[in-house]
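Asker: In the numbering used here, the protein residues as written are 895 to 1075. Where a beta carbon is used, it is the ideal one built from N, C-alpha and C, also for glycine. Got a structure for you, written out below as structure tokens; questions coming shortly.
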């Protein structure tokens, strides 16, 4: 057996595989770069729309802003949702890139994650709206009890808030398909 023929054959096979893979790699790089730019533009549009509809104001009234600040998060709720929207879309870009590179195993895993992201976004929106309602209910309960002359009006209002918050958390678990037991 001739070693030159063996090495040449191996090199030719390697070069053939590289030549076949190179167009897919270039296409994948193009998809990632173009997708990144497009997702950033869409993220900025989403943030502007959320600010136009005063989403941050509703989130602040619901107490979400204070929760985020206690957690050390400096972004506004609309920026956080814009970022979630960005990653939701960029995950599509990643799946398309992996499909271009014929990596179906990774694509299946990312598809499972991708299908869960809308539930997370819905849970965040529901959390904000329901906590806003809980704050409203606390105020109404406290005011009503104070107008009737109950001395524990503040405690009763706070109890209404806590009970409503428990139901809010249970509802969020339901949206996210997390068993509550």
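1) Secondary structure at residue 956, three-state DSSP: helix, strand or coil?
2) Is DSSP giving residue 998 helix, strand or coil here?
3) Once DSSP output is grouped into helix, strand and coil, what is the label at residue 963?
4) Between residue 1028 and chain E, is there a C-beta pair that is closer than 8 angstroms?
5) Taking the C-alpha atoms as reference points, what is the distance between residue 1011 and residue 988?
6) Considering only residues of the same chain and omitting the five flanking positions on each side of residue 1017, which have a CB-CB separation below 7 angstroms?
7) Note down the Cα distance separating residue 1056 from residue 957, rounded to an integer number of angstroms.
8) Using C-beta distances below 8 angstroms, list every residue in its chain close to residue 936, excluding the 5 sequence neighbours before and after it, in chain order.
9) What is the DSSP secondary structure of residue 946, counted as helix, strand or coil?
10) Could you check which residue in 934, 1004, 971 and 996 has the C-alpha nearest to that of residue 985?
11) I'd like the list of long-range same chain contacts for residue 1058, defined as Cβ closer than 6 angstroms, with 5 residues on each side in sequence excluded.
12) Answer yes or no: do residue 1050 and residue 1035 have a C-beta to C-beta separation smaller than 8 angstroms?
13) Grab the span of the alpha helix (DSSP H) containing residue 1049 for me, first residue to last.
14) Tell me whether residue 941 is buried or exposed, calling it buried when 16 or more other Cβ atoms sit within 10 Å of its Cβ.
Answerer: Let's see:
1) By one-based count along the chain shown, residue 956 stands at place 62. Coil at residue 956, not helix or strand.
2) Residue numbering aside, residue 998 sits at position 104 when the chain shown is read from its first letter. Residue 998 falls in the helix class under three-state DSSP.
3) For this step, residue 963 is matched to residue 69 along the chain shown. Helix, per DSSP.
4) No chain E appears in the structure shown, which is made up of a single protein chain.
5) Within the chain shown, numbered from 1, the residue matching residue 1011 stands at position 117. Within the chain shown, numbered from 1, the residue matching residue 988 stands at position 94. So the two alpha carbons sit approximately 14 angstroms from each other.
6) As a first step, residue 1017 must be located in the chain shown, where it is residue number 123. The answer, listed in chain order, is 1066, 1069 and 1070.
7) Along the chain shown, read from residue 1 onward, the residue named residue 1056 stands at position 162. Along the chain shown, read from residue 1 onward, the residue named residue 957 stands at position 63. C-alpha separation (whole angstroms): 13 angstroms.
8) As a working mapping, residue 936 is identified with position 42 in the chain shown. Hits under 8 angstroms: 979, 980 and 983.
9) In the chain shown, the residue the question calls residue 946 occupies position 52. Three-state DSSP puts residue 946 in a helix.
10) In the chain shown, counting from the first residue as 1, residue 985 sits at position 91. Taking only the C-alpha atoms, the option nearest residue 985 is 1004.
11) Counted from its first residue, the chain shown places residue 1058 at position 164. Correct list, in chain order: 1028 and 1031.
12) Position 156 of the chain shown, counting from 1, holds the residue named residue 1050. Position 141 of the chain shown, counting from 1, holds the residue named residue 1035. Yes; because the gap between Cβ atoms is below 8 angstroms, this pair is in contact.
13) Reading the chain shown from its first residue, position 155 is the one you call residue 1049. 1047 to 1069 is the extent of the alpha helix (DSSP H) around residue 1049.
14) Here residue 941 is taken as the residue at index 47 of the chain shown, counted from 1. Buried.
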